[in-house]
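Undergrad:
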Amino acid sequence: MNILITGASGLVGSALAEFLFAAGHSFFSLQRNRNNGDQGFWNLARIGDEHGMPTFDAVINLAGDNIASGRWTVRKKKLIMESRVAGTTELATFCAGLPVKPRVLLSASATGYYGDRGNTLLRETSTSGDNFVAKVCRAWESATEPARQAGIRVVNCRIGMVLSGNGGTLSTMLPSFKLGIAGVVGNGQQYVSWVGIDDVVRMFLFLLERDDISGSVNMVAPEAVTNRDFTKTLGSVVGRPTVMNMPAFVAKTVFGQMGEELVLSSSRVVPQVLTEHGYRFVSPNLEETLRSCIEET
Numbered sequence: 001m002n003i004l005i006t007g008a009s010g011l012v013g014s015a016l017a018e019f020l021f022a023a024g025h026s027f028f029s030l031q032r033n034r035n036n037g038d039q040g041f042w043n044l045a046r047i048g049d050e051h052g053m054p055t056f057d058a059v060i061n062l063a064g065d066n067i068a069s070g071r072w073t074v075r076k077k078k079l080i081m082e083s084r085v086a087g088t089t090e091l092a093t094f095c096a097g098l099p100v101k102p103r104v105l106l107s108a109s110a111t112g113y114y115g116d117r118g119n120t121l122l123r124e125t126s127t128s129g130d131n132f133v134a135k136v137c138r139a140w141e142s143a144t145e146p147a148r149q150a151g152i153r154v155v156n157c158r159i160g161m162v163l164s165g166n167g168g169t170l171s172t173m174l175p176s177f178k179l180g181i182a183g184v185v186g187n188g189q190q191y192v193s194w195v196g197i198d199d200v201v202r203m204f205l206f207l208l209e210r211d212d213i214s215g216s217v218n219m220v221a222p223e224a225v226t227n228r229d230f231t232k233t234l235g236s237v238v239g240r241p242t243v244m245n246m247p248a249f250v251a252k253t254v255f256g257q258m259g260e261e262l263v264l265s266s267s268r269v270v271p272q273v274l275t276e277h278g279y280r281f282v283s284p285n286l287e288e289t290l291r292s293c294i295e296e297t
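All residue numbers for the sequence shown refer to full-length UniProt numbering, where the first residue is 1 and numbers rise by one.
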């Protein structure tokens, strides 16, 4: 396939581009137009100018401002929203207007769509939450509508916390765990819906090839774990104690709204669509996944 990818320089995008290339696919990486400052607009004219408007079999949209970097000021929250919604709207409209349309648009979303839901099992048909992240995800997914209206198969990929040895959340956690100064956050009962990077890239290829899958898809491991279990497992893998617990009020004070929604909220998400369509997980076990990731660091 000839695939157009946005966000190819990010954690998931770089791994996916490498994986797709190794599988024999070609891809074009679409970069943001830096003349637009912080806005998430694409330099779509560049495709035609430099490449004579190639035909794309598929489009994968992964771009968006890093939601976990920095406190959520008013400006930061605006950037989080606009970098996803404006860019996705323009990309979906671009796809809809092509003389030869791509067969599929795989567009990133996140398990944050469901909000803070305790221990409720969350499937693709579950309702959305009402916090900031949930609102971002709803708007992000709705932004793909121009492509869907044009008859393009659209998949909204609700990605969980990606575990990789090459960056992301795990890389920010490891220093404190290796020093033995990490521990449970809050009461530790909040669920973490995680997924290994090796599964993420294979899930994308699976969705590219399955014409019978459209709509929302949860991209997570088969079993979410509590913050307490995740902390205990990672501590065991690095061989360090995890007794420096962080009370909820400290997390809220240090991280603000970001801490409340990303660290203290609970989402117990299950990959129902992928499982029902026969996807085979390569990294279903948390401990094995963490060991593999740490070996890569």
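No residue lacks a Cβ here, since even glycine has one placed at the ideal position from N, Cα and C.
For L20, count the other beta carbons within 10 Å of its own beta carbon; 16 or more makes it buried, fewer makes it exposed. Which is it?
TA: With 16 or more Cβ atoms within 10 Å of its Cβ, L20 is classed as buried.
Undergrad: Does the Cβ-Cβ distance between N166 and L30 come in under 8 Å?
TA: Their beta carbons are not under 8 Å apart, which means N166 does not touch L30 by this criterion.
Undergrad: So for G168, helix, strand or coil by DSSP?
TA: Of the three classes helix, strand and coil, the one that applies to G168 here is coil, per DSSP.
Undergrad: Measuring CB to CB, does V263 end up less than 8 Å from K178?
TA: Contact: no.
Undergrad: Taking one C-beta from the stretch 159-176 and one from the stretch 247-260 each time, how about it: are there three or more such pairs within less than 8 Å?
TA: They do not touch, by the three-pair rule.
Undergrad: So within the stretch 100-150, which uninterrupted alpha helix (DSSP H) runs reach at least 4 residues, ignoring any that extend past its ends?
TA: Listed in chain order, the complete alpha helix (DSSP H) runs (minimum 4 residues) inside the stretch 100-150 are 132-142, 145-149.
Undergrad: Could you check whether R153 and S109 sit closer than 8 Å to each other, using their CB atoms as the reference points?
TA: Against a cut-off of 8 Å, the Cβ pair of R153 and S109 comes out as no contact.
Undergrad: For Q190, count the other beta carbons within 10 Å of its own beta carbon; 16 or more makes it buried, fewer makes it exposed. Which is it?
TA: By the 10 Å Cβ count, Q190 comes out buried.
Undergrad: By the DSSP assignment, the beta strand (DSSP E) with V195 in it spans what residues?
TA: Taken as a continuous stretch (DSSP letters only), the beta strand (DSSP E) holding V195 covers 194-196.
Undergrad: Would V217 pass as a contact of E124 if the rule is Cβ separation under 8 Å?
TA: Contact: yes.
Undergrad: For a quick check, are the C-beta atoms of residue 305 and G13 less than 8 Å apart?
TA: Because the chain here runs from 1 to 297, residue 305 falls outside it and cannot be looked at.
Undergrad: Excluding sequence positions up to five away, which residues of its chain have a Cβ less than 8 Å from the Cβ of Q149?
TA: The answer, listed in chain order, is A96.
Undergrad: Measure how close the beta-carbons of M173 and L234 come, nearest whole angstrom, since I'm counting them as under 8 Å.
TA: M173 to L234, Cβ: 7 Å. Contact.
Undergrad: Residue range of the beta strand (DSSP E) that L163 falls in?
TA: Segment 161-163, the beta strand (DSSP E) holding L163.
Undergrad: Please specify which runs of the beta strand (DSSP E), each continuous and at least 3 residues long, are wholly inside the stretch 214-252, giving them in chain order.
TA: Counting only runs of 3 or more, we get 215-219.
Undergrad: I80 to T89, Cα distance in whole Å?
TA: Those two C-alpha atoms are separated by around 15 Å.
Undergrad: Assuming P54 and T93 are in contact, meaning their beta carbons sit under 8 Å apart, how far apart are those beta carbons, in whole angstroms?
TA: Rounded, the Cβ-Cβ distance is 18 Å, inconsistent with contact.
Undergrad: Between which two residues does the beta strand (DSSP E) harbouring S265 extend?
TA: That residue, S265, is in no beta strand (DSSP E); it is neither H nor E in DSSP.
Undergrad: Identify the residues that DSSP records as bridge partners of I3: which are they?
TA: DSSP output for I3 lists F27, A58 as bridge partner(s).
Undergrad: Go ahead and label P271 buried or exposed: buried means 16 or more other beta carbons lie within 10 angstroms of its beta carbon, across all protein chains shown.
TA: The residue is buried, with at least 16 neighbouring Cβ atoms inside 10 Å.
Undergrad: Taking residue 367 as the reference, which of Q257, S164, V184 has the closest Cα?
TA: Because the chain here runs from 1 to 297, residue 367 falls outside it and cannot be looked at.
Undergrad: In three-state terms, what does DSSP make of R280?
TA: Reduced to three states, the DSSP call for R280 is coil.
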